[in-house]
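Before any comments, here is the structure.
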Amino acid sequence: MTKLAVLKKQWMQNSEVREAYDTHAYEFEIARSLIEARTEAGFTQAEVAKRMGTTQSVVARIEGGAQLPSMKSVIRYATAIGAHPVLQLMRDKPQ
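Residues 4 to 98 in the working numbering are what the sequence shown lists, from first letter to last.
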């Protein structure tokens, strides 16, 4: 388990942290998907920024998970790494 995974596991035991995380879970999942796609494609943030015609700090914000990127930004990002976005909605399991 990575150091980050260990820390996350510890933090998630705190109900306040877990509630805050759950509030932004979708944003974090999107950010994780973007970062994973970029690293699998072998690009740095700076290289993606150059291909997008923007700055590395903009790419860092897109990947940051603090706010959702626009669909236009996701498409530009995907194109820059030689990919295309796919939107998929999953139904929640009944509780």
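Even glycine gets a Cβ: it sits at the ideal position worked out from N, Cα and C.
Would you call the CB atoms of residue i and residue j closer than 9 Å?
i, j, result
"Gly68", "Ala34", "yes"
"Val61", "Ala49", "no"
"Ala40", "Ala81", "yes"
"Met55", "Arg79", "yes"
"Gln70", "Glu30", "yes"
Quick check on the burial criterion: 16 or more other C-beta atoms within 10 angstroms. Buried or exposed for residue i?
i, result
"Glu22", "exposed"
"Glu19", "exposed"
"Pro108", "A question about residue 108 goes unanswered here, because the residues of the chain that appear run from 4 up to 98."
With a threshold of 8 Å (Cβ to nearest heavy atom), would residue i be considered close to the ligand FMN?
i, result
"Leu10", "Inclusion of the ligand FMN in the displayed structure is not the case, the ligand content being empty and no account of it being possible."
For residue i, collect the residues of the same chain with a Cβ closer than 7 Å to its Cβ; drop the 5 residues on either side in sequence, then sort them by chain order.
i, result
"Leu37", "Ile65, Glu66, Tyr80"
Give me, in chain order, the residues of the same chain whose beta-carbon lies closer than 6 Å to that of residue i; leave out the 5 immediate sequence neighbours on both sides.
i, result
"Val77", "Pro88"
"Pro72", "Ile65"
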